[in-house]
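The structure appears right after this line, and notes come after that.
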Amino acid sequence: MKHILCLLGLFLALTNHTLAQENTQIDYNLQPSEQVLLQDTKVITLYRTEYVDGTCERQEPYQDTVCGNETRYRNECTWVPGRNVCRTENDYQCRNVRRTRRECTAGRTRRECVNEPARRVCRTRNGVERCTDVPGRQRCRDVSGPQTCRNVPYTDRECSNVPNRVCDYVPGGNECTDVPYQEYVCRDVTRYNTVSYACKKPVQIPYQAEKEVTHEVKFSFTDVDQIGKATIKLAMDESGDLKINYKNLNTSETFINLLNESETVILNNDTELKTSRDIKINFGNLKKLTAPLKANFKSLWMNKSGDFKLSVPNPELIKDAKIKVRVYKRSNGDLHFSKNFKLTDFNLSNDNISADFARFGFDTLKGFLGKAVKLKVEIGLEVEEPKDLILPIDTELKKSKSFNIKVYKNK
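Rendered as structure tokens:
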């Protein structure tokens with residue numbers, strides 16, 4: 032029994048790649064997790080501090096006398112007699128003003144009629160003259176009489192600012208100010224001399240040393256549809272840093288993205304480095320991601336005001352895609368309308384999606400003399416690229432289709 036347990040433990044150790052090694056490879060084949068241990072002795076450059084003879088400098092203080100003119104102030108006062116201080120203030124005043132306005136009244140309306148005699152109208156078409164008898168008729172219109180005007184008096188209120196001079200008496204008194212003057216002054220100041228002296232200076236001396244480097248890496252795999260297949264190579268470079276290389280062996284059906292990665296430094300000194308890293312990887316279904324791009328656009332209808340209807344069998348297929356609509360005038364190639372939509376921006380009916388683009392800034396189109404306008408309408412689909420891809424996706428994540436149509440007012 033003891034031997035069986037030993038063999039089982041050895042099997043588990045080999046299965047999880049926990050044997051210490053400088054580099055290794057993991058073959059992912061639907062296992063939920065994997066753990067590897069990389070260990071190697073690296074020669075690194077370290078530095079030690081040594082002291083050598085040198086020259087240092089220090090600042091020694093000494094006293095010096097400095098003389099010069101300095102600005103000082105003395106207070107001088109002057110008697111100012113009493114006086115009036117005046118200012119202008121505006122007084123808002125209103126008064127009634129007699130005015131007149133002209134009022135006019137339209138005269139009495141009368142009806143005037145004119146009799147048109149019967150006449151014969153002839154036209155020539157394709158060399159043949161055709162004539163028609165037009166019977167006489169009476170044409171009438173209403174004619175206004177002359178206006179009567181008069182001047183009507185009324186009272187208006189007129190207001191304005193009237194300037195008014197106001198004075199206040201200020202009694203006499205002393206007014207004092209600080210008057211500057213120059214005075215020659217000498218004072219002691221501290222200055223410094225630079226003095227050199229013999230000392231020991233620290234220098235960094237490089238030397239080679241061996242360092243035991245250990246990296247423990249734990250992988251967790253998410254693969255909902257069980258379609259992933261990949262190899263993961265791990266190796267240490269000359270300085271002991273961990274390098275990881277991924278290779279997707281099923282690029283036609285899956286993509287690989289990083290869900291989470293964290294690293295903990297357990298020990299790090301001059302002789303030993305130990306780290307622990309947790310990596311969570313997802314194998315996504317590429318066919319599910321690109322499923323919206325399989326949608327087909329059958330036909331397109333629009334009118335000049337921006338009513339839009341697109342035939343899309345099974346529109347729910349594109350619910351996770353970004354829908355781009357670009358409308359160009361074929362006459363000059365100008366872009367008339369451009370907008371990115373989600374499926375929720377449209378109305379769904381059977382195998383059609385529809386919307387009123389006027390709600391999204393579509394300007395009504397105007398044809399020459401009311402004629403139809405020729406357009407090129409480009410409909411694009413795009414799916415969002417997964418976050419934190421470990422390897423780029425070779426499959427195209429967007430497609431588009433163009434329609435050349437004529438749009439009318441209500442057709």
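Going by my numbering, the letters in the sequence shown line up with residues 32 to 442, in that order.
We put the CB at the ideal spot given by N, CA and C, even for glycine.
Remember, it's a predicted structure, so these values are computed and weren't measured experimentally.
Inset, instruction - State the beta-bridge partners of D199 as determined by DSSP. - result: V116
Legend entry - Residues of its chain near D256, where Cβ-Cβ distance is below 6 Å and the 5 sequence neighbours each way are ignored: N316
Inset, instruction - Please name the residue, chosen from Q124, Y123 and K305, that lies closest to K242 on a Cα-to-Cα basis. - result: K305
Legend entry - Limits of the unbroken alpha helix (DSSP H) element including L379: Where L379 is concerned, there is no enclosing alpha helix (DSSP H), although the beta strand (DSSP E) it sits in stretches over N378 to S380.
Inset, instruction - Determine the burial state of N279: buried for a count of at least 16 other Cβ atoms within 10 Å of its Cβ, exposed for fewer. - result: buried
Legend entry - DSSP beta-bridge partners of V246: Per the sequence shown, residue 246 should be read as His rather than Val. Beta-bridge pairing links H246 to L69 and T306.
Legend entry - Cβ-based burial, Y212 [other Cβ within 10 Å; buried from 16]: exposed
Inset, instruction - Can you say whether D254 is buried or exposed, counting buried as having 16 or more other CB atoms within 10 angstroms of its CB? - result: buried
Inset, instruction - Please determine, among G398, C190, V145 and L428, the residue with the shortest C-alpha to C-alpha distance to R172. - result: V145
Inset, instruction - Just tell me which of T321, N381 and I312 has its CA closest to the CA of V343. - result: N381
Inset, instruction - Jot down the residue ranges of each uninterrupted alpha helix (DSSP H) in the region 107-184, minimum 4 residues, whole runs only, in chain order. - result: none
Legend entry - C-alpha gap between C180 and D187, whole angstroms: 21 Å
Legend entry - CA-to-CA distance, W332 to I349, given in whole angstroms: 19 Å
Inset, instruction - Count the other CB atoms, across all protein chains shown, that sit within 10 Å of the CB of I236; report buried if there are 16 or more and exposed otherwise. - result: exposed
Inset, instruction - Kindly indicate which three-state DSSP category L400 falls into: helix, strand or coil? - result: helix
Legend entry - Selection from C198, V165, V216 and G138 that minimises the alpha carbon distance to V174: G138
Legend entry - Any beta strand (DSSP E) of 3 or more consecutive residues that is wholly inside the region 331-372: 331-333, 338-342, 353-360 and 366-372
Inset, instruction - Excluding the 5 residues preceding and the 5 following K329 in the sequence, name in chain order all residues of the same chain whose CB lies nearer than 6 Å to its CB. - result: S342
Inset, instruction - Just tell me which of E53, N54 and N60 has its CA closest to the CA of K260. - result: N60
Inset, instruction - May I ask which residues mark the beginning and end of the beta strand (DSSP E) holding L265? - result: A261 to M267
Legend entry - Beta-carbon contacts of A386 that lie in its chain and below 7 Å, excluding the five residues immediately before and after: F339, D376, F377 and N378
Inset, instruction - Please go through the same chain and pick out, in chain order, the residues whose beta-carbon is closer than 7 Å to the beta-carbon of R21, but skip the five residues on each side of it. - result: Coverage of the chain is limited to positions 32 through 442, which leaves residue 21 absent and any answer about it impossible.
Inset, instruction - Return the CA-CA distance between F314 and V296, expressed in angstroms with no decimal places. - result: 28 Å
Inset, instruction - Return the chain-ordered list of same chain residues with a C-beta closer than 8 Å to the C-beta of G148, the five sequence neighbours on each side being excluded. - result: Here residue 148 turns out to be Pro, not Gly, going by the sequence shown. Here the set comprises G167.
Inset, instruction - Would you tell me roughly how many angstroms separate the C-alpha atoms of L41 and L69, rounded to the nearest one? - result: Confidence in L41 is poor, its pLDDT being 38 and thus under 50, which makes the residue's placement unreliable; the coordinate value appears in the next sentence. Going from the Cα of L41 to the Cα of L69 covers about 18 Å.
Legend entry - Cβ distance (whole Å) where L420 is taken to contact N276 below 8 Å: Actually they do not touch by this definition, with Cβ atoms about 15 Å apart.
Inset, instruction - Output the distance between the C-alpha atoms of G411 and E303, rounded to the nearest integer angstrom. - result: 57 Å
Inset, instruction - Along the alpha helix (DSSP H) that carries K318, what are the first and last residues, could you check? - result: L317 to L320
Legend entry - Inter-residue spacing [alpha-carbon to alpha-carbon] between M267 and E294: 16 Å
Inset, instruction - Closer than 6 Å by C-beta to V226: which residues in its own chain qualify, once you throw out the five before and the five after it? Chain order, please. - result: R89 and E91
Inset, instruction - Could you give the DSSP three-state label for E427: helix, strand or coil? - result: coil
Inset, instruction - Please state if the CB of R308 and the CB of K244 are separated by a distance shorter than 7 Å. - result: First, the amino acid is wrong: residue 244 is Val here, not Lys. No, Cβ-Cβ distance for V244 and R308 is not below 7 Å.
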